[in-house]
Structures are given as C-alpha cells and as structure tokens.
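Novice: At position 30 of the sequence shown (counting the first as 1) the number is 16 in the numbering used here, and the numbers step up by one without a gap.
Dumping the structure here so I can ask a few things about it.
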Amino acid sequence: MSVWNVSDEATVKLSSWGVFSVPRTGTTVRRDHHFFGYNAAIQEGRVSSKIVKFYPPSMRGVTASGRKYELLGKPGHNSDASYVLDKWLQINGVKPEEARDVTEEYL
C-alpha cells in the first residue's frame, strides 16, 4: 500500500467509490469520514485521509492532506479498493465492526 505525495498527485478521480467513517482518535463519539475507491489512472485501490470539505453538486472533496478527490459515477465495489480499505483499517488499528459505510450521506 503506497502513500503518494500530494504534490505528485494533487487530484485523484475515484470510480467504484464509497465513503466510510471511523472513530476519531481519542473519542468514541466523533467520527472521521474517508473516501475509498478505484483510481483507474494508476490502476489501484485508494483510501483517503479524512475528508475536510465536500461539494455535493460537483461530487468533489478535499482531504486533510490537501488532496482533491473527484467521485466518478455511482458508488460501487472494486476488489482492489476493498483490499486497500481492509489493510488501511488493520494498519490504523480500526476493528472492521467500528467502520461504518456512510456513502448514502454523500449522494
């Protein structure tokens, strides 16, 4: 699982995308939202840092890293994206049952 420098890849277009939330570090009440999906430009699954801004009319958002994301088409499933999401949860110490699918909030 690679971490790409924002200056090398300022904007990512995700297909077969979704949004999940996880408990914010140090609290069980507040939650952070993250994009995940398939980045066809480099043929890999992707999970974003936490979402800080989202613009529903254009389906674009900005994350804590400063990277911009554009959500293409409808939400969906991609095996590469699911694999990266599972690894992201594991690396960040988030139990699968703590992650919630909040994609509907972004439609």
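Built from N, CA and C at the ideal position, the CB exists for glycine as well.
In its own chain, which residues sit with a C-beta less than 7 Å from the C-beta of G4, not counting the 5 before and 5 after it?
Specialist: Your numbering for residue 4 matches position 18 in the sequence shown. Contacts found: F22, G23, P61, D87, T89.
Novice: Here's the rule: buried if 16 or more other CB atoms are within 10 angstroms of the residue's CB, otherwise exposed. What is L71?
Specialist: For the purposes of this step, residue 71 is identified with residue 85 of the sequence shown, where counting begins at 1. Buried is the call here.
Novice: I think K39 touches V33, with their Cβ atoms under 8 Å apart; what is that distance to the nearest whole Å?
Specialist: Numbered from 1 along the sequence shown, position 53 holds the residue referred to as residue 39. Numbered from 1 along the sequence shown, position 47 holds the residue referred to as residue 33. In fact, because the Cβ distance is near 18 Å, the residues do not count as touching under 8 Å.
Novice: Using the Cα positions of T11 and K73, report the straight-line distance between them to the nearest angstrom.
Specialist: As a first step, residue 11 must be located in the sequence shown, where it is residue number 25. As a first step, residue 73 must be located in the sequence shown, where it is residue number 87. Spanning the two alpha carbons is a distance of roughly 18 Å.
Novice: In terms of residues, what are the limits of the alpha helix (DSSP H) holding L71?
Specialist: By 1-based counting over the sequence shown, the position of residue 71 is 85. Taken as a continuous stretch (DSSP letters only), the alpha helix (DSSP H) holding L71 covers 65 to 77.
Novice: Anyone know if the C-beta pair for H19 and K(-1) falls short of 8 Å?
Specialist: Taking the first residue of the sequence shown as 1, we reach residue 19 at position 33. Taking the first residue of the sequence shown as 1, we reach residue -1 at position 13. No; because the gap between Cβ atoms is not below 8 Å, this pair is not in contact.
Novice: In the structure shown, what three-state DSSP assignment does M(-13) receive?
Specialist: Position 1 of the sequence shown, counted from the start, is the residue given in the question as residue -13. No answer about M(-13) holds up, because its pLDDT of 48 lies below 50 and its placement is not dependable.
Novice: Hey, how far is the Cα of A(-4) from the Cα of G52?
Specialist: For this step, residue -4 is matched to residue 10 along the sequence shown. For this step, residue 52 is matched to residue 66 along the sequence shown. A(-4) and G52: Cα-Cα distance of roughly 8 Å.
Novice: Does the beta-carbon of S44, which I'm using as the reference point, lie nearer than 7 Å to any heavy atom of the ligand PLP?
Specialist: As presented, the structure is devoid of all ligands, the ligand PLP included, so that no description of it is given.
Novice: Hey, R16 and V8 are a contact pair by Cβ (cut 8 Å); roughly how many whole angstroms apart?
Specialist: Working through the sequence shown from its first residue, we reach residue 16 at position 30. Working through the sequence shown from its first residue, we reach residue 8 at position 22. So it is not a contact: roughly 10 Å between Cβ atoms.
Novice: Please list, in chain order, all residues of the same chain as L75 whose beta carbon is under 7 Å from its beta carbon, the five residues on each side excluded.
Specialist: Locating residue 75 in the sequence shown gives position 89, where the first residue counts as 1. Excluding positions up to five away in sequence, the list reads P82, A85.
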